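Asker: I have a structure here, written as structure tokens, and I will follow up with some questions on it.
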Amino acid sequence: MITVTSVEAQSRFGELIDRAQREPIEVTRRGRTVAYVVSEHDMRELADLKRSNDKVGAVAASLAAWNEFNARHGSFADEHSTL
0 MITVTSVEAQ SRFGELIDRA QREPIEVTRR GRTVAYVVSE HDMRELADLK RSNDKVGAVA
60 ASLAAWNEFN ARHGSFADEH STL
């Protein structure tokens, strides 16, 4: 990954878009990272990954709520089991 200043990014934007097809570009201002220029393909992959992580997080939250319910009220299956 290459790093450019925001001033460089403004003056070389077309070149950076072309380069971003091969690798992400880090853009800095006053020595701090402020943005990245990435290809459309990389952005779609990142969005897909975020959606997947959001689903995993939702499942984990549901499981935690279920476990908390079981801890407070006992297992429904234990009370109604025929075994």
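Going by numbering that gives the first Met the number 0, the residue at position 28 of the sequence shown is 27; the numbering climbs one at a time, nothing skipped.
Using N, Cα and C, we set each Cβ at its ideal position, and we do this for glycine too.
A quick note: this is a predicted structure, and the numbers were derived from the prediction, not measured.
Along the alpha helix (DSSP H) that carries Val55, what are the first and last residues, could you check?
Answerer: From DSSP, the alpha helix (DSSP H) with Val55 extends over Glu39 to His72.
Asker: Buried or exposed: which applies to Ile1, given that a residue is buried once 16 or more other Cβ atoms fall within 10 Å of its Cβ?
Answerer: Its Cβ having fewer than 16 others within 10 Å, Ile1 is exposed.
Asker: Residues in its own chain within less than 7 Å of Ser38 by CB, not counting five upstream and five downstream?
Answerer: Hits under 7 Å: Ala19 and Gln20.
Asker: If you compare alpha carbons, which of Leu62, Asp17, Pro23 and Arg29 is closest to Val6?
Answerer: With distances taken between Cα atoms, Val6 lies closest to Arg29.
Asker: What is the rounded straight-line gap between the Cα of Phe68 and the Cα of Leu62?
Answerer: Straight-line Cα distance between these residues: approximately 10 Å.
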